[in-house]
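Novice:
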Amino acid sequence: MSSGAIHPPEQRSQDHTADTTATLKADASFLSVGSVDSIIPNATAKAVAQEGAVMANAAMTNAALSSPVSTALINTPKPAADDSGKGASQGSGARAGAGAETEAGAETGAGISSVASPPSTQRGDRQQSSSSGGRGYTRSHPPKKYRAKEDKAKDNPRPSAVVTRAPATAMHWSRAKVHGQIPPKELRAQSVSLVGESVYVFGGCDQYNCFNTLYIFDADTMYWSQPKTSGSIPPPCRAHTSTLVGYRRLYIFGGGDGPQYFNDLYVLDTETLIWSSPTTTGNRPCKRRAHTTCYYNNRIYVFGGGDGLQALNDTFELDLATMHWSEIKTTGQIPLSRGYHTSNIFKSQMIVFGGSDGHECFSDVHVLDLDTMEWIKIDINKTVPRLSHTSTLVGSYLFVLGGHDGSRYTSDVEMLNMVTWSWETRKVYGVPPAGRGYHASLLYDSRLFMFGGYDGQTVYDDIYILDLSMCAYLPQITDFQIVLRRAESTSDVGEGDDYF
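Going by this note's numbering, the letters in the sequence shown line up with residues 197 to 696, in that order.
1. Given ARG682, which residues of its chain have a CB within under 8 angstroms of its CB, disregarding the five upstream and five downstream residues?
2. Which partner residues of ASP453 appear in the DSSP bridge assignment?
3. Cutting at 6 angstroms between CB atoms, please list the residues of its own chain near THR538, excluding the five before and the five after it.
4. The beta strand (DSSP E) that contains ARG643, what's its start and end?
5. Could you give the first and the last residue of the continuous beta strand (DSSP E) run that contains CYS490?
6. Answer with buried or exposed for PRO380, where buried requires no fewer than 16 other C-beta atoms within 10 angstroms of its C-beta.
7. State the Cα-Cα distance for the pair CYS667 and VAL590, rounded to the nearest angstrom.
8. Would you identify the three-state DSSP class for LEU532, choosing helix, strand or coil?
9. In whole angstroms, what is the alpha-carbon distance linking VAL395 and LEU505?
10. Report all residues from its chain with a CB closer than 8 angstroms to the CB of ASN352; omit the five preceding and five following residues, and keep chain order.
11. Is it the case that the Cβ atoms of THR527 and SER559 are separated by a distance below 8 angstroms?
12. Tell me whether the beta-carbon of GLU523 lies closer than 8 angstroms to the beta-carbon of ASN459.
13. Would you call GLU684 buried or exposed, if buried means 16 or more other Cβ atoms sit within 10 Å of its Cβ?
14. What residue range does the beta strand (DSSP E) around TYR605 cover?
15. Going by DSSP, name the residue or residues bridged to GLY602.
16. Along the chain, where does the beta strand (DSSP E) containing VAL391 start, and where does it finish?
17. Around the Cβ of VAL463, are there at least 16 other Cβ atoms within 10 angstroms (buried) or fewer (exposed)?
18. Are there three or more Cβ pairs, one per stretch, closer than 8 angstroms when the region 490-498 is compared with the region 432-451?
19. Would you check if the region 636-652 and the region 615-626 touch, i.e. whether three or more CB-CB distances between them fall below 8 angstroms?
20. Can you check which of these residues, TYR669, ARG484, LYS373, PHE595, is closest to PRO455 by C-alpha distance?
21. Check each candidate in HIS555, GLU570, ILE448 and name the one with the smallest Cα separation from VAL388.
22. For TYR656, count the other beta carbons within 10 Å of its own beta carbon; 16 or more makes it buried, fewer makes it exposed. Which is it?
23. Give a yes or no on whether the C-beta atoms belonging to VAL596 and MET367 are separated by under 8 angstroms.
24. I need the straight-line Cα distance from GLN386 to ALA486, nearest angstrom please.
25. For CYS482, collect the residues of the same chain with a Cβ closer than 7 angstroms to its Cβ; drop the 5 residues on either side in sequence, then sort them by chain order.
26. Between TYR419 and the rest of its own chain, which residues show a CB-CB distance below 8 angstroms, the 5 nearest in sequence each way excluded?
27. How big is the Cα-Cα spacing for HIS562 and ILE547?
28. In chain order, what residues of the same chain lie with their CB nearer than 6 angstroms to the CB of ALA372, ignoring the 5 residues before and after it?
29. For LEU662, which of helix, strand or coil comes out of DSSP?
30. Thinking C-alpha only, which one of ASP553, SER665, ILE541, ASP663 is nearest LEU532?
31. Does DSSP put TYR669 in a helix, a strand or coil?
32. Given TYR536, which residues of its chain have a CB within under 7 angstroms of its CB, disregarding the five upstream and five downstream residues?
33. Which residues does DSSP list as the beta-bridge partners of SER544?
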């Protein structure tokens, strides 16, 4: 593939891309309960008055039994109880996609409600006394005028909402409604890291500038905050990496700002919010951005990226016990040089997918065994070219979201089964995000969160959530084996590019 086919998105001269854009009420109450509080303020007197009222009401009810109208009303069969209290019920085991209220056994995609019933009796089907006409009878169902509306609603249900109903087994997209100190700018090529329920978002850029701002997003409450930090704060940067170590420390490495490239290391203590720049020894990686990092066995591994002149395919190791850098001499089917790829760690294996060297959008998958330092290129059932995408480990699957496929930005969801080494595509409901790349994503509470991104013209500031639905059990699958099916390879070493 020629460079003109991709129009590489990160130009050194202008720090942005010219890629084409992907086209992309309460419960009603019939009875007004009279209060005796304003007449008899004394608590004892109130109790006596209330008891007397009940006895009088019972006497009136008995007297009214001789009335044929009252008898007919009392003997009328009671309708089925409405347990929801709001006219729409949800059956046992039914699941609403996004706050929807459904009929028994039904499920909606997002915001779809079943036909609303008219104003109902109180929760629990409590009988309500009527004071109209002084007849003193009891009523276990709505008045006739409301029953007529109810019958009409059942005969002529309202059409479904805009969003198609999603089956229980289907995944579903929705846009998060956020609040708090929302970042005032759009972001691309930022880093995100999950610590507990908090997402730490650092750096990134819009169409004009890079930033070194830290935001925290609470994935439970959808609340943004901008904490005050101190210490050795990193410079504005994008396309850097953030690696979580020990559920507390974030290691920021590399990145760039326009023509500047970095190979500095910064550490954020997420409890004290203090930045530091630790001293390291050894053979430090060259300045780069668009690389990836993984944490394994108290070491951080750096692979690939670009240095402003060419793409890279080298591998470095930072021993956190000694803070010593080493370049790793790997063997096997070494990947072509690339940046804007993804790396995920499973046990001792680092899985590298996609990326670009500035001329070609890659679809290959390579696995580096971090114990033997041998690369294996995996035999895959089909090609899925991607760059500037995200890949998230969910059980035995890699969920690949968005990115550039060599001709356009996409919002497709691709699933790589790491047991069979085959790509799987499943129907996703809801309203998907616009096609984009240079976003960030992570898994929390059986949901994939997508932050920001860029489609060649627009930088986004939104957050989309992919509800995994039946795939929600996948994170619990940890006891599986990866069988590496070696693919035939004619070339092990790739040349650089001209846009990193």
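C-beta: ideal position from N, C-alpha, C; glycine also.
Specialist: Judging by the given coordinates:
1. GLN529, ILE572, LYS573, ILE574, ASP575
2. GLN456
3. PHE549, SER587
4. 643-650
5. 488-492
6. exposed
7. 9 angstroms
8. coil
9. 33 angstroms
10. With a pLDDT of 48 at ASN352, under the threshold of 50, the predicted position of this residue should be treated as unreliable, and no value is reported.
11. no
12. no
13. exposed
14. 605-613
15. For GLY602, which the question treats as bridged, DSSP gives no partner whatsoever.
16. 387-391
17. buried
18. yes
19. no
20. ARG484
21. ILE448
22. buried
23. no
24. 11 angstroms
25. ASN459, ASP503
26. VAL374, HIS375, GLY376, PHE413
27. 6 angstroms
28. MET418, ILE659, ILE661
29. strand
30. ASP553
31. helix
32. ALA486, GLY551, SER552, LEU583, SER584
33. None; SER544 has no bridge partner.
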